[in-house]
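Asker:
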Amino acid sequence: MEDAAGSILASLGRVRLVDLTACEGLPTDNYKICVSTLMQSLAQYSAAIIQLPPAEGALLRSGLDSAGLFFHQRGYNSGEAVHLDDAREWCKTSGYYVDHQMWLETYDYRPGVTATEPNGAMELPPSGLPDIFAVLGKVSRDILDAISFSLNLRSCAFTDILDNIPLRSQEVSSSVLSACCHSRPSFVGARQHSIASQDDGQLLIFSDQDQQMDKTFLTLVRSDRSGLYIKDMHGHWILVDGDLGPNDVVVYPGLALYQETAGYVNPAVCKTEVGNLQGCMFGRCSLVFKLMPKSVARLSGSEMTAAGHGVDAQFQVPIPVNDFMQTGHYVDQLFPKDTEPSSHAEQDSASFNSLMKKKNGSIRTKPLPPSKRLRLEAQRVLKERVQDIADKKGIKLRFCNIKECESHIRSLDSPCENIRTEIGWPQGVPFVHPHDLPNKAKLGFLEAYEPGWTASQQEIELSFTDHNKCILVNFCHGIGSIGEVTVILVMFQSRFHFGGTAYKQVCLVWFIGKYIFCIYAYEGNILQHNMGL
27 MEDAAGSILA SLGRVRLVDL TACEGLPTDN YKICVSTLMQ SLAQYSAAII QLPPAEGALL
87 RSGLDSAGLF FHQRGYNSGE AVHLDDAREW CKTSGYYVDH QMWLETYDYR PGVTATEPNG
147 AMELPPSGLP DIFAVLGKVS RDILDAISFS LNLRSCAFTD ILDNIPLRSQ EVSSSVLSAC
207 CHSRPSFVGA RQHSIASQDD GQLLIFSDQD QQMDKTFLTL VRSDRSGLYI KDMHGHWILV
267 DGDLGPNDVV VYPGLALYQE TAGYVNPAVC KTEVGNLQGC MFGRCSLVFK LMPKSVARLS
327 GSEMTAAGHG VDAQFQVPIP VNDFMQTGHY VDQLFPKDTE PSSHAEQDSA SFNSLMKKKN
387 GSIRTKPLPP SKRLRLEAQR VLKERVQDIA DKKGIKLRFC NIKECESHIR SLDSPCENIR
447 TEIGWPQGVP FVHPHDLPNK AKLGFLEAYE PGWTASQQEI ELSFTDHNKC ILVNFCHGIG
507 SIGEVTVILV MFQSRFHFGG TAYKQVCLVW FIGKYIFCIY AYEGNILQHN MGL
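In this text, residue positions in the sequence shown follow this note's numbering: the first is 27, and each later residue adds one.
1. Is the CB-CB distance between A205 and P152 below 7 Å?
2. Following the continuous alpha helix (DSSP H) through T44, name the residue where it begins and the one where it ends.
3. What did DSSP end up calling S507 once you bin it into helix, strand or coil?
4. Label G51 either buried or exposed according to how many other C-beta atoms from any shown protein chain fall within 10 Å of its C-beta, with 16 as the threshold for buried.
5. Give me the Cα-Cα distance between L85 and D157, rounded to the nearest whole angstrom.
6. Short of 6 Å in beta carbon distance, which residues of its chain neighbour I76, apart from the five on each side in sequence? Order them along the chain.
7. Please report how far the alpha carbon of S62 lies from the alpha carbon of Q99, in whole angstroms.
8. Mind checking whether S321 and N292 have CB atoms under 7 Å apart?
9. Could you give the DSSP three-state label for P137: helix, strand or coil?
10. Would you give the residue range spanned by the alpha helix (DSSP H) that A84 belongs to?
11. Might you give, ordered along the chain, the residues of its own chain that have their beta carbon closer than 8 Å to the beta carbon of I34, omitting 5 neighbours on each side?
12. Whole beta strand (DSSP E) runs in the region 165 to 220 with 3 or more residues, listed along the chain?
13. Restricting to Cα atoms, I'd like to know which of K422, D45 and V247 is closest to Y57.
14. Consult DSSP for T242 and reduce its assignment to one of helix, strand or coil.
15. Looking at the secondary structure, which residues open and close the alpha helix (DSSP H) in which K468 lies?
16. Please classify P396: does DSSP put it in a helix, a strand, or coil?
17. Can the beta-carbon of V343 be found closer than 7 Å to that of A288?
18. Which residues in the same chain have their Cβ closer than 7 Å to the Cβ of D189, if we skip the five residues on either side of it in sequence?
19. Drop a sphere of 10 angstroms on the beta-carbon of R424, count the other beta-carbons inside from all chains shown, and report buried for 16 or more, exposed for fewer.
20. Report buried or exposed for G478, applying the criterion of at least 16 other Cβ atoms within 10 angstroms of its Cβ.
21. With DSSP as the reference, please indicate the residues paired to T132 in a beta bridge.
22. Nearest-angstrom Cα distance between C311 and R411?
23. Quick one: residues in its chain with C-beta nearer than 6 Å to the C-beta of G89, no 5 flanking neighbours on either side, listed in chain order?
24. Taking 7 Å as the cut-off, decide whether the C-beta atoms of F315 and L203 are in contact.
25. Can you give the Cα-Cα distance for A416 and L408, rounded to whole angstroms?
26. Find the nearest neighbour of L270 within the set R136, G253, S328 and A339, judged by alpha-carbon distance.
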């Protein structure tokens, strides 16, 4: 999402569908601006507003009215259509379902499946759902194409993992259109709840443990009342449907898009307000379209790799969609706090601190190799300097592959040019994780973000050619025998300097028959004892 790095939006991005639809030939300036606005909004707010043509907006409003009447006339039966949320049935749901805990009723329209009543009779759905499904399906694919353009992917990059258009014989749609109703008064009354009885008049909102991430590519939502909250890049809950026009829909990305784009497009974390509906006859009605990958496909991130993007190891292993849908995904697992160091980082930090304590003579241990010391410093600067700049500008750091990026840095239209400029990445240094940079490039990286770093490290001599050099001050050996076994003793004694401290190394080697015994010692302390054949 490098295009989103250029500027900050003051509010949720709003684009017209007609301007976001791709055409043959070169992209127009208007198309580029709309794509940029869309991606900036997804980066900052994990959502955007799409303005549909008037005819399609009118169709959605008619569908909402029909859905309200459908749920209003429906009686409540505590024993019917309970939604069990079985992950194995993710692409088979159809018809009426109810979630008692959330006071939510749903009617799923899924092409290829005929919904039936519990008595076996055909169930009559809210009117207009097939037409709305077709409209929102096309809208979502146009948005997906715009995201592909922003990521520099080929045209129709996601077509192979989406449903056929139209569906072939005997195929069932993975995507689904849901007519939803929150807190219908007659339904709530039957459940012996009363939202209107709250005296303080405050909003009743799902708690944080009820926050959810859809396992979709994209979710499109249109409601007759506001109440959809999504977390922005700073972790604040934002009301995203509080200022919708008559033809507007809200779009937000899901986990499938996050997986297929190798983490470049974050999934939205959302929750819905269920209170403050006093005096509302029908509750809060919504039309929710979910663009899903087809069940027989695999999510692999191969398109991102082909486009030259850096892809983390966790996204390189193809995952069957069916397995992906049945795997639990949690917010804390996907987005761990950056302030919590990993165990590997803690070990490196401990090693570095041990090296520093040598200067005070408190600990005597084997010095870290200068290359490792350089790597630790690069990781520290990445975390303390670079990540801080990226967070302030709303940029998600995703590094390139080092082989491909060597050509990127010499090109004016490289995919990482914008993000390198925004965060002040040093010229001539490939935009890869500092851990993978050559030592010379690591030095350039450190100097760029901490000017004078090399000079400040003179006390700790980091030489790439002489760091193993030492002065041989003594060499002796002895030859003898134990019975019929020849014994050879070889001793090396040397001195060397590291970090301004002088060390003495002694190496004793015994060759006793076919066995070899070695002892290494620094300052008289045995640090290593090897035995081999």
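Positions of the beta carbon are idealized from the N, C-alpha and C atoms, including for glycine.
Answerer: Short version:
1. Taking the sequence shown and counting its residues from 1, the one referred to as residue 205 is at position 179. Taking the sequence shown and counting its residues from 1, the one referred to as residue 152 is at position 126. Yes, Cβ-Cβ distance for A205 and P152 is below 7 Å.
2. The residue labelled residue 44 in the question sits at position 18 within the sequence shown. Here the sequence assigns Val to residue 44, which means Thr is not the residue at that position. Its alpha helix (DSSP H) spans residues L43 to L46.
3. Within the sequence shown, numbered from 1, the residue matching residue 507 stands at position 481. Bear in mind that the predicted position of S507 carries a pLDDT of just 48, short of 50, making it unreliable; the figure below should be weighed with that in mind. Looking at S507 - three-state DSSP - the assignment turns out to be strand.
4. Your numbering for residue 51 matches position 25 in the sequence shown. Answer is exposed; the Cβ neighbour count stays below 16.
5. Here residue 85 corresponds to residue number 59 of the sequence shown, with the count starting at 1. Here residue 157 corresponds to residue number 131 of the sequence shown, with the count starting at 1. Their Cα atoms are separated by approximately 8 Å.
6. For the purposes of this step, residue 76 is taken as residue 50 along the sequence shown, with counting starting at 1. The residues are L43, V275 and V277.
7. Walking along the sequence shown from the start, residue 62 turns up at place 36. Walking along the sequence shown from the start, residue 99 turns up at place 73. Between S62 and Q99, the C-alpha separation is close to 44 Å.
8. Numbered from its first residue, the sequence shown carries residue 321 at position 295. Numbered from its first residue, the sequence shown carries residue 292 at position 266. No, the pair does not count as a contact, with Cβ atoms beyond the cut-off.
9. As a working note, residue 137 is residue 111 in the sequence shown. If DSSP states are grouped into helix, strand and coil, P137 belongs with coil.
10. Within the sequence shown, numbered from 1, the residue matching residue 84 stands at position 58. Per DSSP, A84 belongs to the alpha helix (DSSP H) from P80 to H98.
11. Numbered from its first residue, the sequence shown carries residue 34 at position 8. Taking I34 as the centre and dropping the five residues before and after it, the same chain places the C-beta of Q66, Q70, K419 and G420 closer than 8 Å to its C-beta, in chain order.
12. If only uninterrupted beta strand (DSSP E) runs of at least 3 residues are considered, those enclosed by the region 165 to 220 are 202 to 208.
13. Position 31 of the sequence shown holds residue 57. Distance check between Y57 and each of K422, D45 and V247 places D45 closest, using alpha-carbon atoms only.
14. Numbered from 1 along the sequence shown, position 216 holds the residue referred to as residue 242. Note: T242 maps to coil in three-state DSSP.
15. One-based indexing of the sequence shown puts residue 468 at position 442. N465 to Y475 is the span of the alpha helix (DSSP H), which, as asked, contains K468.
16. As a position in the sequence shown, residue 396 is number 370, starting the count at 1. The three-state secondary structure of P396, taken from DSSP, is helix.
17. Along the sequence shown, read from residue 1 onward, the residue named residue 343 stands at position 317. Along the sequence shown, read from residue 1 onward, the residue named residue 288 stands at position 262. 7 Å or more divides the Cβ of V343 from the Cβ of A288.
18. For the purposes of this step, residue 189 is taken as the residue at position 163 of the sequence shown. Here the set comprises S199, S200, S201 and K320.
19. To locate residue 424, count along the sequence shown from 1; it is residue 398. R424 should be labelled buried.
20. Mapped onto the sequence shown, residue 478 falls at position 452. By the C-beta density criterion, G478 is exposed, having fewer than 16 other C-beta atoms within 10 angstroms.
21. What you label residue 132 is simply residue 106 of the sequence shown in a count that begins at 1. Bridge partners of T132 according to DSSP: Y123 and C206.
22. Numbered from its first residue, the sequence shown carries residue 311 at position 285. Numbered from its first residue, the sequence shown carries residue 411 at position 385. Cα to Cα, the separation comes out at about 47 Å.
23. Here residue 89 is taken as the residue at index 63 of the sequence shown, counted from 1. Within the same chain, G89 has close Cβ partners G154, I158 and L313.
24. Translated into the one-based positions of the sequence shown, residue 315 becomes position 289. Translated into the one-based positions of the sequence shown, residue 203 becomes position 177. Their beta carbons are under 7 Å apart, which means F315 touches L203 by this criterion.
25. The sequence position of residue 416 within the sequence shown is 390, counting from 1. The sequence position of residue 408 within the sequence shown is 382, counting from 1. C-alpha separation (whole angstroms): 10 Å.
26. Here residue 270 is taken as the residue at index 244 of the sequence shown, counted from 1. With distances taken between Cα atoms, L270 lies closest to G253.
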